[in-house]
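**Student:** In order, the protein sequences belong to chains A and B. Going by numbering that gives the first Met the number 0, the first sequence wraps up at 325, each residue one higher than the last. Going by numbering that gives the first Met the number 0, the second sequence wraps up at 325, each residue one higher than the last. Here it is: the structure, laid out below.
2 protein chains.
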Amino acid sequence: MQDLSGLARKEIMSPTLTDIQQARERIKPYAHRTPVFTNESLNKHVNTQVYLKCENLQKVGAFKFRGACNAVFSLNDEEAARGVCTHSSGNHAQALALAARMRGIPAYIVMPSNAPQVKKDAVRDYDGQITFCAPTLEAREATLAKVVEETGSVFVHPHNDERVIAGQGTAALELLEDVPDLDVIITPVGGGGLLSGTAIAAYEIKKGIHLVAGEPEMADDAFRSLKSGTIMPSVNPKTIADGLLTSLGTLTFPIIRQYVEQIVTVSEEGIIASMKFIWERAKIVIEPSAAVAIGVLWEGKIDLAGLKVGVILSGGNVDLDNLPWR
Amino acid sequence: MQDLSGLARKEIMSPTLTDIQQARERIKPYAHRTPVFTNESLNKHVNTQVYLKCENLQKVGAFKFRGACNAVFSLNDEEAARGVCTHSSGNHAQALALAARMRGIPAYIVMPSNAPQVKKDAVRDYDGQITFCAPTLEAREATLAKVVEETGSVFVHPHNDERVIAGQGTAALELLEDVPDLDVIITPVGGGGLLSGTAIAAYEIKKGIHLVAGEPEMADDAFRSLKSGTIMPSVNPKTIADGLLTSLGTLTFPIIRQYVEQIVTVSEEGIIASMKFIWERAKIVIEPSAAVAIGVLWEGKIDLAGLKVGVILSGGNVDLDNLPWR
Chain A
0 MQDLSGLARK EIMSPTLTDI QQARERIKPY AHRTPVFTNE SLNKHVNTQV YLKCENLQKV
60 GAFKFRGACN AVFSLNDEEA ARGVCTHSSG NHAQALALAA RMRGIPAYIV MPSNAPQVKK
120 DAVRDYDGQI TFCAPTLEAR EATLAKVVEE TGSVFVHPHN DERVIAGQGT AALELLEDVP
180 DLDVIITPVG GGGLLSGTAI AAYEIKKGIH LVAGEPEMAD DAFRSLKSGT IMPSVNPKTI
240 ADGLLTSLGT LTFPIIRQYV EQIVTVSEEG IIASMKFIWE RAKIVIEPSA AVAIGVLWEG
300 KIDLAGLKVG VILSGGNVDL DNLPWR
Chain B
0 MQDLSGLARK EIMSPTLTDI QQARERIKPY AHRTPVFTNE SLNKHVNTQV YLKCENLQKV
60 GAFKFRGACN AVFSLNDEEA ARGVCTHSSG NHAQALALAA RMRGIPAYIV MPSNAPQVKK
120 DAVRDYDGQI TFCAPTLEAR EATLAKVVEE TGSVFVHPHN DERVIAGQGT AALELLEDVP
180 DLDVIITPVG GGGLLSGTAI AAYEIKKGIH LVAGEPEMAD DAFRSLKSGT IMPSVNPKTI
240 ADGLLTSLGT LTFPIIRQYV EQIVTVSEEG IIASMKFIWE RAKIVIEPSA AVAIGVLWEG
300 KIDLAGLKVG VILSGGNVDL DNLPWR
């Protein structure tokens, strides 16, 4: 029986560097090897050497495609034939729909009925089949269970899934190939899929590298969880970084506890200023969640002066008609 | 005596492919080799294979750096010591200031007193020395003449200068190295520096390649000039593509007449829609002038179905507080 709660199943193991390396080979034909950009204005402004891993230029505009793609192409033919499913109204939904389409299998997406039209359209553009539910946790889980029962499809959790975590770790693998002498890697943290995959890849490749995560002050569950040593879920978080509203999972939390040095919270103002700066100076579109990682440097709460810092820009999906500096 | 009118001097010759190749070697230590991006959504939307040469990711955020850099580093030490000067309130001013700073010489920029503050700041950021003038053609030329007299600096015209044209042609050189089997190259056209440099490079490398330019309907002097066979200046043009307000020069016009197949005009709506699409889908920030080249495909006035089309995205300098879809 599938676990649909997002809680760890007994048989789930934290992925290893080998899993991440295999994921990289598996997704290679489908995912972009995204470029790493540098920007002198940014370096000057934050007094470090920053290397931007541009997952905003990834398929579907976010790193989420790596994990979804690895999960979909990890399935054997029999499993795959029944399709995949998830609950998400964000980048993971689009990513899973596209990966499934690439494999020629259906993707069933459970989405709250009040999700923005643009997100519904995006999933449908990738041939995802949407089932709407009421915007509550209970309705979401009940609807997902019903979809699984009716279709036999395989649940791919947005972050609490070892195949997904391994996939997300491939970005750091590429980044460290391109810039082997990094001192620090910064990612944003929401559910922790990107952060835990990055942590495993980076630390196993380069012991002693510093792993830092940026989190919105207004959704600081990971910060509090790491401090208290137990998962402290967010309660009704409100931040412009809408990709970081979810809390850590039972699978991602222990990995993050093991490897991640520090979680730095970033103010809403810092997120917006960082986002605008990157658009203006680096000429790339990043979403607020990606700007949170820049915000760590921007707000200068930790001293990284003179270091070589890799930043994983998680995505670039924004509503251009609703920009935060309007 | 220097020619300050932007009219052709007797000794000025149209640059050759060799000049462009030399320019490329000359600017290599200073300019970025910009990436070439593809985007499936765009390809699908316009029914061609599009290759985006990202000059928005060039130094100062525009191809203009190539021409300015080539001009500055073409000077002998004696000429260089006196500095360079120009009249511009746009990307060329910033480009010349940065190139001059890289050579360690002064750049004198004549700018109308009513230029936006953000443009004045940008030039000063690159240590350009601004002399303001009244916002008329006469004042501009008189002020420039005075600057030259006082400083002995070398005038580098924004487009009507063979060193500048050769520099701008280096983008096409790189593009054709990366994608040798292009059928078409599209650039925007304002003064014609980018278009004429591109035309020489592309046609001399690959006879039979089609050269097309996009121009705002509201500033269609090049379209009318090519049609009439004589330079027809714009009279008070008003377009969102503020980099394309200038008219063709005496040096660029004959080159364009010789090589360029067609100038296609693009509506303001087409420019804005193209710009927004590239931001949303390709996740890169382009300025309206760059969007004009996409607009040629977007509005479908010429049939390029199934062809391989290179588009030079000329720049990415925009005021994020004044976006056209607000």
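Glycine residues also receive a C-beta, built at the ideal position from the N, C-alpha and C atoms.
When you compare the stretch 123-140 of chain A with the stretch 89-109 of chain A, are there three or more beta-carbon pairs, one atom per stretch, that lie closer than 8 Å?
**Tutor:** yes
**Student:** In three-state terms, what does DSSP make of residue 147 of chain B?
**Tutor:** helix
**Student:** Residues in its own chain within less than 6 Å of residue 63 of chain A by CB, not counting five upstream and five downstream?
**Tutor:** 90, 91, 94
**Student:** Is the distance from the Cβ of residue 197 of chain B to the Cβ of residue 186 of chain B below 7 Å?
**Tutor:** yes
**Student:** Does the Cβ-Cβ distance between residue 259 of chain A and residue 296 of chain A come in under 7 Å?
**Tutor:** no
**Student:** For residue 299 of chain B, decide whether its Cβ has a neighbour in chain A, counting only Cβ atoms nearer than 7 Å.
**Tutor:** Judged by the 7 Å Cβ criterion, residue 299 of chain B is not in contact with chain A.
**Student:** Do residue 303 of chain A and residue 47 of chain A come within 7 Å of each other at the CB atom, strictly closer than that value?
**Tutor:** yes
**Student:** Report the three-state DSSP secondary structure of residue 7 of chain A (helix, strand or coil).
**Tutor:** Because the pLDDT at residue 7 of chain A is just 42, under 50, the model does not fix this residue reliably, and the value given afterwards should be weighed accordingly. Three-state result, residue 7 of chain A: coil.
**Student:** Under 8 Å Cβ-Cβ, which residues of chain B neighbour residue 35 of chain A?
**Tutor:** Those do not exist, as residue 35 of chain A stays about 11 Å from chain B at its closest Cβ, beyond 8 Å.
**Student:** Residue 17 of chain A lies in the alpha helix (DSSP H); which residues open and close that run?
**Tutor:** 16-26
**Student:** When you compare the CB of residue 60 of chain A with every CB in chain B, is at least one pair closer than 7 Å?
**Tutor:** Output row for residue 60 of chain A: interface = yes.
**Student:** Cβ closer than 7 Å: which chain A residues qualify as neighbours of residue 279 of chain B?
**Tutor:** One finds 319 in chain A with Cβ atoms closer than 7 Å to the Cβ of residue 279 of chain B, taken in chain order.
**Student:** Since residue 49 of chain B contacts residue 308 of chain B with CB under 8 Å, what's their CB separation in whole angstroms?
**Tutor:** Residue 308 of chain B and residue 49 of chain B do touch by the CB rule: their CB atoms are close to 5 Å apart, below 8 Å.
**Student:** Does the Cβ-Cβ distance between residue 282 of chain A and residue 56 of chain B come in under 7 Å?
**Tutor:** Yes. Within cutoff.
**Student:** Identify every residue that forms a DSSP beta bridge with residue 83 of chain B.
**Tutor:** B:106, B:153
**Student:** So, under 8 Å CB-CB, residue 69 of chain A and residue 163 of chain A are touching, yes? Tell me the CB distance rounded to an integer number of Å.
**Tutor:** 7 Å
**Student:** Counting only Cβ pairs nearer than 9 Å, list the residues of chain B close to residue 127 of chain A.
**Tutor:** Proximity of chain B to residue 127 of chain A at the Cβ level (cut-off 9 Å) is not reached, the minimal Cβ distance being about 16 Å.
**Student:** Taking all protein chains shown into account, decide if residue 6 of chain A is buried (16 or more other Cβ within 10 angstroms of its Cβ) or exposed.
**Tutor:** With a pLDDT of 47 at residue 6 of chain A, under the threshold of 50, the modelled position of that residue is not reliable, and the figure given next carries that caveat. By the neighbour-count rule (16 or more Cβ atoms within 10 Å), residue 6 of chain A is not buried but exposed.
**Student:** Whose Cβ in chain A lies nearer than 9 Å to the Cβ of residue 118 of chain B?
**Tutor:** By Cβ distance, chain A contributes nothing, its closest Cβ being about 13 Å from residue 118 of chain B, past 9 Å.
**Student:** Taking 7 Å as the threshold (beta carbon to beta carbon), is residue 27 of chain B in contact with chain A?
**Tutor:** Not a single CB atom of chain A sits nearer than 7 Å to the CB of residue 27 of chain B.
**Student:** Rounded to the nearest angstrom, how far is the Cβ of residue 85 of chain B from that of residue 157 of chain B, given a contact under 8 Å?
**Tutor:** 6 Å
**Student:** What's the call for residue 12 of chain A, buried or exposed, on a 16-neighbour Cβ count within 10 Å?
**Tutor:** So residue 12 of chain A counts as exposed.
**Student:** Would you mind giving the Cβ-Cβ distance between residue 111 of chain A and residue 132 of chain A, rounded to the nearest angstrom? I have them listed as a contact below 8 Å.
**Tutor:** 6 Å
**Student:** List the residues that DSSP assigns as beta-bridge partners of residue 36 of chain A.
**Tutor:** A:51
**Student:** With a CB to CB cut of under 6 Å and the five nearest residues on each side skipped, what residues in its chain are close to residue 29 of chain B?
**Tutor:** Here the set comprises 68, 101.
**Student:** Is residue 41 of chain B close to chain A? Criterion is C-beta to C-beta, closer than 7 Å.
**Tutor:** no
**Student:** Measure the alpha-carbon distance for residue 134 of chain A versus residue 109 of chain A and round it to whole angstroms.
**Tutor:** 11 Å
**Student:** Given a limit of 7 Å on CB to CB distance, which residues of the stretch 46-59 of chain B reach chain A?
**Tutor:** 55, 56
**Student:** Under 6 Å Cβ to Cβ from residue 216 of chain A, same chain only, skipping five residues before and after it: list those, please.
**Tutor:** 264, 266, listed in sequence order.
**Student:** Taking buried to mean at least 16 other C-beta atoms within 10 Å of its own C-beta, is residue 331 of chain B buried or exposed?
**Tutor:** Because chain B spans 0 through 325 in this model, residue 331 of chain B falls outside it and cannot be assessed.
**Student:** Does the CB of residue 122 of chain B have a neighbour CB from chain A at under 7 Å?
**Tutor:** no
**Student:** What whole-angstrom Cβ distance do residue 199 of chain B and residue 14 of chain B have, given they're in contact under 8 Å?
**Tutor:** About 6 Å separates the CB atoms of residue 199 of chain B and residue 14 of chain B; that is less than 8 Å, so the two are in contact.
**Student:** Which residues share a DSSP beta bridge with residue 135 of chain A?
**Tutor:** Residue 135 of chain A is bridged by DSSP to nothing; it lacks a bridge partner.
**Student:** Name the chain A residues that come within less than 7 Å of residue 283 of chain B, Cβ to Cβ?
**Tutor:** 282, 283, 284
**Student:** Using CA atoms only, rank isn't needed, just tell me which of A:206, A:43, A:44, A:32 is closest to residue 61 of chain A.
**Tutor:** It is A:32.
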